[in-house]
Structure formats: C-alpha cells, structure tokens
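Asker:
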Amino acid sequence: MNQSKQELKRDLVRVKEKLTHLNSDLTLYNQLFSDRENVQVLNSSGALVFHRFQQCLIDSIYMSISRLLDPAKTMGSKNLSFAHLASEFGLQDDTEVAEELALAITQYQDSKLKDYRNKVLSHNDHKTEKLDFYPFNTMLITELLHRFWKIVSLIEFKAGLVKETYTMSLEVIFTGDICGEALLCKLRERI
C-alpha cells in the first residue's frame, strides 16, 4: 500500500461515483433511445440535437468503461482504475479479484470496445475513417456494469471495508423532472 488508508478510501469512493454515473448514463440512454417511438418523438423535436446527444452519451459510456479498466499506472502516473485499487489494497494477487478483473478485460477486448477507444475516442487514427460501433449494445454495457460492481464489492470485502459482498442494482431512479421520461412527456405535449 503506497497510499494512506484515507486516500485509498477516497479513490474507492471516486470509482463508485464513476460507476454510479455510468448507471445513470445507461438509464438515461435506455429511457430516451431504446424505444422506437421515443426516438421518433426526439427526432421530431430536434433530430440533430438528440442525435449528437446520443453519440456523446455513448462515447462517454465507452470512455468511462475504458478508463476503469486501465492498468494501475501508465507512464508512471496512477490511473483511477480497478487495477489501481487492487494494487493499492494489496489485492493484485487475490484469485477472486484477479479472475473478475480478467473476465471484465476479456469481455471488453472481445467486444471491440478497446479498439473503439484506441482508434476513435483516444486518438484520431488516420487509418480509421469510421469504426462503426452502433447500434449501442446495452446488454454488453449492462453485463460489464454488473461485473464492475462485483469487482468493487470484492475489493471492499477483501480489504475489510464491508462485512460481506453485495450486489448493486443498475436501475437509477431519477426524481421529478430530471429524467428522460419526463423530457419525452414534455416533448409529446408540444407535438
């Protein structure tokens, strides 16, 4: 452990916040774009705006996933990633944590998300005119998020921060007028 226990707990909280944001982004995406009728409402209200928003939301989700799966360090700088947490909590050799992390990385690489991150999001690869990665695979993202929460839960448990592992729900409940469904209702009223 190179960091103090307080710093490690802060890093853990930050990773959990990133996962919560991913959950929120996926919920918002599903509310707005997973239903053909909803997409028609959005297109009739501002096709370009909502298409760009959809693209930005997808790219943000992909980049967040990629960053969480980064190595513990890159070029001497620490990354806020699962590998960093495992390393700093002394769990890099723990079989369960290593297996879950390896499964997540394999799923990430096999899905071509890593290619999309490297060729489109992180670099302006000259050879890549357009790496088409649509339609958005919500099942893949859901599976990865479940695995991510399992990794966090295992790290917390193995580090002695919680008494038992836990499972997180991925569904985010937005209150009031701040969700995609509320926006769609308002747009339907105006059509």
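Take any residue in the sequence shown, count from 1 to its spot, add 329: that is its number in my numbering.
Cβ atoms here follow ideal geometry from the backbone N, Cα and C, with glycine treated the same way.
Excluding sequence positions up to five away, which residues of its chain have a Cβ less than 6 Å from the Cβ of Pro-400?
Answerer: Once the five neighbours on either side are set aside, the close Cβ partners of Pro-400 are Ala-412.
Asker: Let me check understanding here. Comparing Cα to Cα, which of Tyr-391, Glu-485, Ser-395, Arg-446 lies closest to Ile-434?
Answerer: Out of Tyr-391, Glu-485, Ser-395, Arg-446, Ser-395 has the C-alpha closest to the C-alpha of Ile-434.
Asker: Could you work out which residue in Leu-341, Gln-384, Phe-418 is closest to Trp-478 when comparing CA atoms only?
Answerer: The shortest Cα separation from Trp-478 among Leu-341, Gln-384, Phe-418 belongs to Leu-341.
Asker: Starting from the N-terminal side, write out each stretch of the alpha helix (DSSP H) that is 4 residues or longer and does not extend beyond the segment 450-519.
Answerer: Qualifying alpha helix (DSSP H) stretches, in chain order: 467-487, 509-519.
Asker: For Asn-352, which residues of its own chain have a beta-carbon under 7 Å away from its beta-carbon, when the five flanking residues on both sides are left out?
Answerer: Cβ within range, chain order: Leu-474, Leu-499, Val-501.
Asker: For Met-404 and Leu-398, what's the separation of their Cα atoms in angstroms?
Answerer: Cα to Cα, the separation comes out at about 16 Å.
Asker: Beta-carbon separation of Ala-427 and Gln-421 under 9 Å?
Answerer: Yes; because the gap between Cβ atoms is below 9 Å, this pair is in contact.
Asker: Determine the burial state of Asn-359: buried for a count of at least 16 other Cβ atoms within 10 Å of its Cβ, exposed for fewer.
Answerer: With 16 or more Cβ atoms within 10 Å of its Cβ, Asn-359 is classed as buried.
Asker: Look at Glu-417 and Leu-483 and say whether their C-beta atoms are less than 9 Å apart.
Answerer: No; because the gap between Cβ atoms is not below 9 Å, this pair is not in contact.
Asker: Which same chain residues, not among the five before or five after Phe-465, have their C-beta less than 6 Å away from its C-beta?
Answerer: Only Ile-387 meet the Cβ criterion.
Asker: Does the separation of the CB atoms of Ile-507 and Ser-374 fall below 9 Å?
Answerer: Against a cut-off of 9 Å, the Cβ pair of Ser-374 and Ile-507 comes out as no contact.
Asker: Out of Ile-390, Leu-469, Ala-488, which has the shortest C-alpha to C-alpha gap to Leu-357?
Answerer: Comparing Cα positions, the closest option is Ile-390.
Asker: For the alpha helix (DSSP H) that contains Ser-389, what are its first and last residues?
Answerer: Run containing Ser-389: 365-397, per the alpha helix (DSSP H) assignment.
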